[in-house]
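Below is one structure, written out as structure tokens, with a few remarks after it.
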Amino acid sequence: MTVRTRFAPSPTGYLHIGGARTALYCWLESQHRGGEFILRIEDTDRERSTEAAVQAILDGMKWLDLAHDEGPYYQTLRMQRYRQVAEDLIRAGKAYYAYETREELDAMRAQQMEAGIKPRYNGAYRERSEPAREDPNRVIRFKNPATGSVVFQDKVKGRIEWSNEELDDLVIFRSDGYPTYNFAVVVDDIDMKITDVIRGDDHVNNTPRQINIYNALGVMAPQFAHLPMILGSDGQKLSKRHGAVSVMQYRDDGYLPHAVLNYLVRLGWSHGDQEIFSRAQMIELFDVADVNHSAARFDLEKLGWINQQYLKSDDPMALAGHLEWQLREAGFDLASGPACTDVIVALRDRARTLKEMAEKAAIWYAPIAHWDDAAVAKHLKAATAVPALTAVHAQLAGMTEWKVELVHKAIEDAAAAIGEGMGKVAQPLRVAMTGTQVSPSIDHTVYLVGQKRALQRISDALKRAGA
RNA sequence: GUCCCCAUCGUCUAGAGGCCUAGGACACGUCCCUUUCACGGACGCGACCGGGGUUCGAAUCCCCGUGGGGACGCCA
């Protein structure tokens, strides 16, 4: 039987980091076992589902490059089917109409809580078997077995047993005519031939209810695998304050999609001491049964480290597009500076994100925006600054071919000419090029500024130095 | 309140009864490299939640606590 997994988000918000990991694990499990990955949009909550959220989820999946083999299916397009299955259940005596108002139900729950027992629907209409009547409060409830228990083998949590006495007759069709989650998922997973349901931990207690529905429908339940949650760095539930922002925010912040995936795959799963995984390796090694049992905290520091690993090892050509995007976002004119691949080589050891890289690249795409007073005082006002800059200017001006190695030589020659060490020339030159005392190696920095602009900046610095 | 799940360095994790004096990674600290900042390298700091069992032997198995999380909707 072909393994089929699905990612089934409800479009009530963007795709956040927790959803992205669930999607990744579903995708990996299907790929690892040579199966198929299905995308389904669970939009039966008409109050909260939006078209924009659907698009945001699709965008997020695309950015992460988690391609689905089938779908997206939309539950709202399958209404006929849910209706039919529900009616079959009523005819078979496995479901029934009920008419309590929300107020009545709230009161019932409040009373039970008061009495210290678990709030459950009391089954008032369960055995009446009266013909359906028109009523704005009419819902369909599933006849959950009253006794016995549900046992299932969760692929990550192990054996879980649930007493039916803990469950009640859940609503499967709302008064607004839409099916509820627990019912629609089961019908969908059956129809879509899902073999492995991989989803968040918060669904474990829905699982026994769903298994009872599978049983009522006479269908074997699929395999279940419940993933532990991702917590914020403070150990609290993820919220907007931590990482629960859209995955697209990580693009904006300068993270590579495969770095995000690599970080996520290690959050709750591991393969010995290995930290870096290519997509092919993830697919080869991942097994949902190896997923950890406990919740993990999201740590931006480690994501940053992984991102830099890729910045350092990826082909600059492959990274160029990402950097260009960041540079444009930052408002730079790409034509006014060096090739992105050169910038990447110069900055890959110095930036953890592409955004940081674009910020540091400002010195090559725009005039010096800010002069660091301490840098000017220390290096431009130094006694050797003027002779050093003058010597470098002369060397650079005499160059007929503009290459890094030649720039390097020119700086060395300038130092030799005034009888000083490299540092005495490099530091004032660095300040002249950048306005600060921090930059990539001085030869690359000057090279990327370009000959004409470099000479101009040295002249400007000389003025600042008071020459 | 009731039910379910979970528990190794600050964080992510390795660990399936002896290989554990508990390993790796991030972060942090010191040093080396060095024209700045990084990168890289070396070293260091740092954990088995507590208590009972079982066993010749327990981070690993069992029980009880404790702590954390989740759920109890006509949300998913």
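Position one of the first sequence corresponds to residue 4 (my numbering), numbered consecutively onward.
Ideal Cβ placement from N, Cα and C applies to all residues, glycine included.
This structure is a prediction, so every number in the text was calculated from the model and none was measured.
For this session: Indicate, with yes or no, if the ligand MG has a heavy atom lying under 7 Å from the CB of isoleucine 216.
Result: Judged by which ligands are present, the structure shown has none, so any question about the ligand MG falls away.
For this session: Tell me, please, whether the stretch 13 to 20 touches the stretch 30 to 50 by the rule of three or more beta-carbon pairs shorter than 8 Å.
Result: Judged by Cβ distances under 8 Å, the stretch 13 to 20 makes contact with the stretch 30 to 50, as three or more pairs qualify.
Problem set entry | Own chain partners of alanine 385 with C-beta closer than 7 Å, once the 5 adjacent residues on each side are dropped | By the criterion of a C-beta distance shorter than 7 Å, alanine 385 is surrounded in its chain by Pro431, once the five residues flanking it on both sides are discounted.
Exercise. Does DSSP put isoleucine 175 in a helix, in a strand, or in coil?
Worked result: Shown here, isoleucine 175 sits in a strand according to DSSP, grouped into three states.
Problem set entry | threonine 8 in three-state terms, based on DSSP | Of the three classes helix, strand and coil, the one that applies to threonine 8 here is strand, per DSSP.
Problem set entry | Neighbourhood of alanine 333 by C-beta, 6 Å cutoff - its chain only, sequence neighbours within 5 removed | Here the set comprises Ala361.
Exercise. What's the gap between the Cα of arginine 433 and the Cα of threonine 356?
Worked result: So the alpha carbons of these two residues sit roughly 23 Å apart.
Exercise. Are the stretch 304 to 311 and the stretch 411 to 418 touching, with three or more C-beta to C-beta distances below 8 Å?
Worked result: Pairwise C-beta distances place the stretch 304 to 311 out of contact with the stretch 411 to 418, as fewer than three of them are shorter than 8 Å.
For this session: Look at the alpha carbon of valine 348 and the alpha carbon of valine 154, and state the distance between them as a whole number of angstroms.
Result: Looking at the two C-alpha atoms, the distance is approximately 57 Å.
For this session: Answer with buried or exposed for leucine 267, where buried requires no fewer than 16 other C-beta atoms within 10 angstroms of its C-beta.
Result: Its Cβ being crowded by 16 or more others within 10 Å, leucine 267 is buried.
For this session: Assign asparagine 140 to one of two classes, buried (16 or more other C-beta atoms within 10 Å of its C-beta) or exposed (fewer than that).
Result: By the neighbour-count rule (16 or more Cβ atoms within 10 Å), asparagine 140 is not buried but exposed.
Exercise. For the 8 Å Cβ check, are there 3 or more pairs between the stretch 103 to 123 and the stretch 63 to 74?
Worked result: At 8 Å Cβ cutoff, the stretches do not touch.
Exercise. What are the partner residues of serine 462, as DSSP defines its beta bridges?
Worked result: Answer is none; serine 462 lacks a bridge partner.
Problem set entry | Own chain residues within Cβ distance below 8 Å of arginine 331, not counting five before or after | Around arginine 331: Leu337.
For this session: May I ask you to verify whether the stretch 164 to 175 touches the stretch 137 to 152, counting CB pairs closer than 8 Å and requiring at least 3?
Result: Contact between the stretch 164 to 175 and the stretch 137 to 152 is present, because at least three Cβ pairs lie under 8 Å.
Exercise. Apart from the five residues just before and just after asparagine 125, which ones in its own chain have a Cβ nearer than 7 Å to its Cβ?
Worked result: Taken in chain order, the residues that qualify are Met111.
Exercise. When the distance is taken between beta carbons, is threonine 439 closer than 8 Å to aspartate 375?
Worked result: Taking a C-beta distance under 8 Å as the contact criterion, aspartate 375 and threonine 439 qualify as a contact pair.
Problem set entry | At least 3 beta-carbon pairs within less than 8 Å: the stretch 207 to 214 vs the stretch 149 to 166 | Output reads yes: the stretch 149 to 166 touches the stretch 207 to 214.
Exercise. In or out: aspartate 199 buried (at least 16 other Cβ within 10 Å) or exposed?
Worked result: Buried, because 16 or more other Cβ atoms sit within 10 Å of the Cβ of aspartate 199.
Problem set entry | Nonlocal neighbours in the same chain, by C-beta distance under 7 Å from alanine 26, ignoring five residues either side | Apart from the 5 residues on each side of it in sequence, alanine 26 sits with its Cβ closer than 7 Å to the Cβ of Phe10, Met64, Leu69 in its chain, given in chain order.
Problem set entry | Assigned exposure category for valine 441 - 16 Cβ within 10 Å defines buried | That one is exposed.
Problem set entry | For glutamine 226, the first and last residue of its enclosing beta strand (DSSP E) | Segment 226 to 230, the beta strand (DSSP E) holding glutamine 226.
Exercise. In terms of residue numbering, what span does the alpha helix (DSSP H) encompassing glycine 22 cover?
Worked result: Here the alpha helix (DSSP H) through glycine 22 covers 20 to 35.
Exercise. Applying the criterion that 16 or more other CB atoms from any shown protein chain within 10 Å of the CB defines a buried residue, is glutamate 408 buried or exposed?
Worked result: Exposed is the call here.
Exercise. Is it buried or exposed for aspartate 276, if we count other Cβ within 10 angstroms and need 16 for buried?
Worked result: Exposed, by the Cβ-count rule.
Problem set entry | isoleucine 233 beta carbon less than 8 Å from that of glycine 401 | No, Cβ-Cβ distance for glycine 401 and isoleucine 233 is not below 8 Å.
Exercise. What residues match up with valine 200 in a beta bridge as DSSP calls it?
Worked result: Note: valine 200 sits in a beta bridge opposite Phe227.
For this session: Could you work out which residue in Ala420, Thr403, Ala342, Leu465 is closest to glutamine 454 when comparing CA atoms only?
Result: Checked all of Ala420, Thr403, Ala342, Leu465; the closest Cα to glutamine 454 is Thr403.
For this session: Report the three-state DSSP secondary structure of alanine 283 (helix, strand or coil).
Result: Judged by DSSP in its simplified three-state form, alanine 283 adopts helix.
Exercise. Residues in its own chain within less than 7 Å of isoleucine 286 by CB, not counting five upstream and five downstream?
Worked result: The answer, listed in chain order, is Leu31, Gln34, His35.
Exercise. Given a threshold of 16 other Cβ atoms within 10 Å of its Cβ, counted over all protein chains shown, does glutamate 133 qualify as buried or as exposed?
Worked result: Using a 10 angstroms sphere on the CB of glutamate 133, the tally of other CB atoms stays under 16, which defines it as exposed.
Exercise. What residue does the beta strand (DSSP E) around isoleucine 472 start on, and which one ends it?
Worked result: With the chain running from 4 to 470 in the structure shown, residue 472 is simply not present.
Exercise. Is tyrosine 128 near tyrosine 102, with beta carbons less than 8 Å apart?
Worked result: Cβ atoms of tyrosine 128 and tyrosine 102: closer than 8 Å.
Exercise. Pairing CB atoms from the stretch 339 to 353 with CB atoms from the stretch 388 to 397, are three or more of them under 8 Å?
Worked result: The stretch 388 to 397 and the stretch 339 to 353 do not touch, with fewer than three beta-carbon pairs separated by less than 8 Å.
Exercise. Under a three-way DSSP split, which group does tryptophan 165 fall into?
Worked result: Tryptophan 165: strand per DSSP, three-state reduction.
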